[in-house]
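Trainee:
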Amino acid sequence: MSLVPNIWAGVITVMPFAAAALVLRICARRMTRMGLGWDDCFSVAAWVFAVGYSALVLVWTVHFKLGQTIGHLPREQIDYYLGRSYLVLWISEFFYSWSICLSKLAVLTFYLRVFQFSSIRWPIIILIATCLVWIGIRTFFTIFRCSPVHYYWDRSVEGSCWVNVATYYLATDVTHTLLDCIIVALPIFEVLKIQLRLGQKIAVIGLFSCGFLVCIASAFQIVQSTRYDANSIELPHQLALSMIWGTVEVQLAVFASCLALLRPIFRKIVPGLSTADPDSLSRPSLAVRQLEAHSNSAMSPRLGEISDISLPHIHDADGVDQPWMKQITSSSLSPQIELRENRTSSIPQERPEPPRSRSPGAGA
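Be aware that the sequence shown starts at 1, since it is given in the numbering used here, and climbs by one per residue.
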């Protein structure tokens, strides 16, 4: 049974959503007059690699029988399609790995900017380092799994592969899926600590939980990748569903990395989402923007010290107050505030000079 319609449907369905989310993300940054940050750059790069991966899937489908059976073809054609399939698969692994990694870095650097005074700052940094290690290992084993390198797709030369490809896929895919789950869950634990109405808490948690869609796609991709058989002549058909879910995964990762920053766009399109009303349904979604605004305004430009220890109302880019967000920032800022107070108390105070007495007849 041909899986070609499934491949086209999988690619065409998700690509527009990722592209639209990225464009709207950049527009939202311009609307709030905030410059592009590292998280925006990582998101753009992740989208470029995701498009490259999706394009390779379509090239494989159109020219090299992805999603079709080839066992009934002459042996020369089978060898040709298998060789080209292995080559496209090898190239696509770089696009897939780097798109996934860059999407993770986009989310983590966004967290680092928003939660820079929070208790989860160091876990975020550790996750960034873990992602860099993961992409380094994945890239190394993708390149050097066979000796010589081109033996992976050209079996007419002498060589060997020292990496079990099926085990390699399973280990690296499970690892990055676990990282996805941790990245999504990390800010949720922070939100659970603050005192909010149930509706607000559900809305904020739901905002960060959109990334679980990527985890679901990753799980399906792992299940389908277990069908990989290096000795099968039906490789294009066996890997079709795995490539479909891989496409869905990389595009959803870009979409999820942009979703939390699209509130200005939604407010522009739907005027009813105005935040002037304290009971507005969009009010809980201000957590991300207000944490970011306060983090950017709380640091002194000279020494990085806390410049405002009175913790006034926090304003987001739309100028909306959210006093309840101080529950996060006040507890996380207290060490820096105490440090500033200690530094201030240790500075010796200058004594004022006594007034000089005027001599008799002075000024006469």
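The beta-carbon is built from N, C-alpha and C at its ideal position, and this holds for glycine as well.
#1: Measuring alpha carbon to alpha carbon, tell me which residue in P148, A46, L241, K268 is nearest A9.
#2: Residue range of the alpha helix (DSSP H) that M34 falls in?
#3: Is it true that the CB of L56 sits closer than 8 angstroms to the CB of I7?
#4: Which residue wins for smallest C-alpha separation from G246, given the options F95, I143, V62?
#5: Pick helix, strand or coil for S232, following the three-state DSSP scheme.
#6: If you draw a straight line from the C-alpha of A276 to the C-alpha of P264, how long is it?
#7: Got a sec, what are the start and stop residues for the alpha helix (DSSP H) L127 sits in?
#8: So, with DSSP's three-state summary, where would you put S160?
#9: By Cβ distance, which residues of its chain are closer than 7 angstroms to I143, with the 5 residues on each side in sequence left out?
#10: Taking the Cβ atom as the reference point for each residue, do Q418 and F49 lie within a distance shorter than 8 angstroms?
#11: Which value, in whole angstroms, describes the spacing of the CA atoms of F255 and L22?
#12: Are the beta-carbon atoms of Y168 and F141 separated by less than 8 angstroms?
#13: Nearest by alpha-carbon distance to L89: which of L262, F115, T61, D40 is it?
#14: Cβ of Y228 within 8 angstroms of Cβ of V184?
#15: For F266, count neighbouring C-beta atoms within 10 Å of its own C-beta (all shown protein chains included) and say buried if the count is 16 or more, exposed if not.
#16: Closest to L82 by C-alpha separation, out of E190, G211, V157, W153, would be which residue?
#17: What's the gap between the Cα of G52 and the Cα of S92?
#18: Whole-angstrom Cβ separation of L108 and I128, contact assumed at under 8 angstroms?
#19: Considering Q77, what are the terminal residues of the alpha helix (DSSP H) in which it resides?
#20: What do you get for F189, buried or exposed, if any count of 16 or more other CB atoms within 10 angstroms of its CB means buried?
#21: Using C-beta distances below 8 angstroms, list every residue in its chain close to I233, excluding the 5 sequence neighbours before and after it, in chain order.
#22: If we call anything under 8 angstroms between Cβ atoms a contact, is S43 one with R25?
#23: When you compare the CB positions of F115 and P187, do they come within less than 8 angstroms of one another, or not?
#24: Does the distance from the CB of C215 to the CB of C181 come in under 8 angstroms?
#25: Just the C-alpha distance for G206 and L178, rounded to the nearest angstrom, thanks.
#26: Based on the DSSP secondary-structure assignment, which residues constitute the bridge partners of S147?
#27: Closer than 7 angstroms by C-beta to L213: which residues in its own chain qualify, once you throw out the five before and the five after it? Chain order, please.
#28: Over the uninterrupted alpha helix (DSSP H) stretch that includes A256, give me the two end residues.
#29: Going by C-alpha distance, which of S147, T175, R155 is nearest W162?
#30: Would DSSP call Q221 helix, strand or coil?
#31: If you run the structure through DSSP and keep just helix, strand and coil, what is D40?
#32: Does M243 pass the burial test, meaning 16 or more other C-beta atoms within 10 Å, or should it be called exposed?
#33: Between I125 and chain C, is the shortest Cβ-Cβ distance under 8 angstroms, so that the two count as touching?
#34: For I124 and Y111, which I take to be in contact (beta-carbon distance under 8 angstroms), what is that distance rounded to the nearest angstrom?
#35: Thinking C-alpha only, which one of L192, S97, L170, P74 is nearest I120?
#36: How big is the Cα-Cα spacing for P5 and L259?
Mentor: Taking the structure as given:
#1: Mapped onto the sequence shown, residue 9 falls at position 9. The residue with the shortest Cα to Cα distance from A9 is L241.
#2: If you number the sequence shown from 1, residue 34 lands on position 34. Note, M34: premise wrong, no alpha helix (DSSP H); not H, not E.
#3: As a position in the sequence shown, residue 7 is number 7, starting the count at 1. As a position in the sequence shown, residue 56 is number 56, starting the count at 1. The answer is no: Cβ separation not under 8 angstroms.
#4: Counted from its first residue, the sequence shown places residue 246 at position 246. The shortest C-alpha separation from G246 is found at F95.
#5: Within the sequence shown, the letter at position 232 stands for residue 232. DSSP places S232 in coil when its eight states are reduced to three.
#6: Your numbering for residue 276 matches position 276 in the sequence shown. Your numbering for residue 264 matches position 264 in the sequence shown. Only weak support exists for where A276 lies, its pLDDT of 41 falling under 50; the coordinates are left without a value.
#7: In the sequence shown, the residue the question calls residue 127 occupies position 127. Looking at the DSSP string, the run of the alpha helix (DSSP H) that includes L127 is 121-144.
#8: Here residue 160 is taken as the residue at index 160 of the sequence shown, counted from 1. Correct three-state label for S160: strand.
#9: Taking the first residue of the sequence shown as 1, we reach residue 143 at position 143. V149, listed in sequence order.
#10: What the structure shows of the chain is the stretch from 1 to 364, and residue 418 is not part of that stretch, so it cannot be assessed.
#11: Indexing the sequence shown from 1 puts residue 255 at position 255. Indexing the sequence shown from 1 puts residue 22 at position 22. So the two alpha carbons sit approximately 7 angstroms from each other.
#12: The residue given as residue 168 occupies position 168 in the sequence shown. The residue given as residue 141 occupies position 141 in the sequence shown. Contact: yes.
#13: Within the sequence shown, the letter at position 89 stands for residue 89. Checking every option, the nearest Cα to that of L89 belongs to T61.
#14: Within the sequence shown, residue 228 is the residue found at index 228, counting from 1. Within the sequence shown, residue 184 is the residue found at index 184, counting from 1. Taking 8 angstroms as the Cβ cut-off, Y228 and V184 do not qualify as a contacting pair.
#15: In the sequence shown, counting from the first residue as 1, residue 266 sits at position 266. F266 is exposed by the Cβ-count criterion.
#16: Along the sequence shown, read from residue 1 onward, the residue named residue 82 stands at position 82. For the residues E190, G211, V157, W153, the minimum Cα distance to L82 belongs to W153.
#17: By 1-based counting over the sequence shown, the position of residue 52 is 52. By 1-based counting over the sequence shown, the position of residue 92 is 92. The straight-line gap from Cα to Cα measures roughly 8 angstroms.
#18: Numbered from 1 along the sequence shown, position 108 holds the residue referred to as residue 108. Numbered from 1 along the sequence shown, position 128 holds the residue referred to as residue 128. Rounded, the Cβ-Cβ distance is 5 angstroms, consistent with contact.
#19: In the sequence shown, the residue the question calls residue 77 occupies position 77. Where Q77 is concerned, the enclosing alpha helix (DSSP H) stretches over 75-114.
#20: Looking up residue 189 in the sequence shown gives position 189. Exposed, by the Cβ-count rule.
#21: Position 233 of the sequence shown, counting from 1, holds the residue named residue 233. Once the five neighbours on either side are set aside, the close Cβ partners of I233 are I70, G71, I78, L82.
#22: For the purposes of this step, residue 43 is identified with residue 43 of the sequence shown, where counting begins at 1. For the purposes of this step, residue 25 is identified with residue 25 of the sequence shown, where counting begins at 1. Closer than 8 angstroms, so yes.
#23: Numbered from its first residue, the sequence shown carries residue 115 at position 115. Numbered from its first residue, the sequence shown carries residue 187 at position 187. It is a contact, given that the beta carbons lie within the stated cut-off.
#24: Position 215 of the sequence shown, counting from 1, holds the residue named residue 215. Position 181 of the sequence shown, counting from 1, holds the residue named residue 181. The answer is yes: Cβ separation under 8 angstroms.
#25: Position 206 of the sequence shown, counting from 1, holds the residue named residue 206. Position 178 of the sequence shown, counting from 1, holds the residue named residue 178. Going from the Cα of G206 to the Cα of L178 covers about 19 angstroms.
#26: Looking up residue 147 in the sequence shown gives position 147. DSSP, once it has assigned bridges, lists S160 as partnering S147.
#27: Your numbering for residue 213 matches position 213 in the sequence shown. So the qualifying residues of the chain are L252, A256.
#28: Counting from 1 along the sequence shown, the entry for residue 256 is found at position 256. Where A256 is concerned, the enclosing alpha helix (DSSP H) stretches over 240-259.
#29: As a first step, residue 162 must be located in the sequence shown, where it is residue number 162. Ranking the options by Cα distance to W162, first place goes to S147.
#30: Taking the first residue of the sequence shown as 1, we reach residue 221 at position 221. The answer is helix: DSSP assigns Q221 an H, G or I state.
#31: Locating residue 40 in the sequence shown gives position 40, counting from the first residue. Reduced to three states, the DSSP call for D40 is helix.
#32: Mapped onto the sequence shown, residue 243 falls at position 243. Its Cβ being crowded by 16 or more others within 10 Å, M243 is buried.
#33: Of the protein chains in the structure, only one exists, and it is not chain C.
#34: The residue given as residue 124 occupies position 124 in the sequence shown. The residue given as residue 111 occupies position 111 in the sequence shown. Rounded, the Cβ-Cβ distance is 5 angstroms, consistent with contact.
#35: As a working mapping, residue 120 is identified with position 120 in the sequence shown. Nearest of L192, S97, L170, P74 to I120, Cα basis: L192.
#36: Here residue 5 corresponds to residue number 5 of the sequence shown, with the count starting at 1. Here residue 259 corresponds to residue number 259 of the sequence shown, with the count starting at 1. Straight-line Cα distance between these residues: approximately 29 angstroms.
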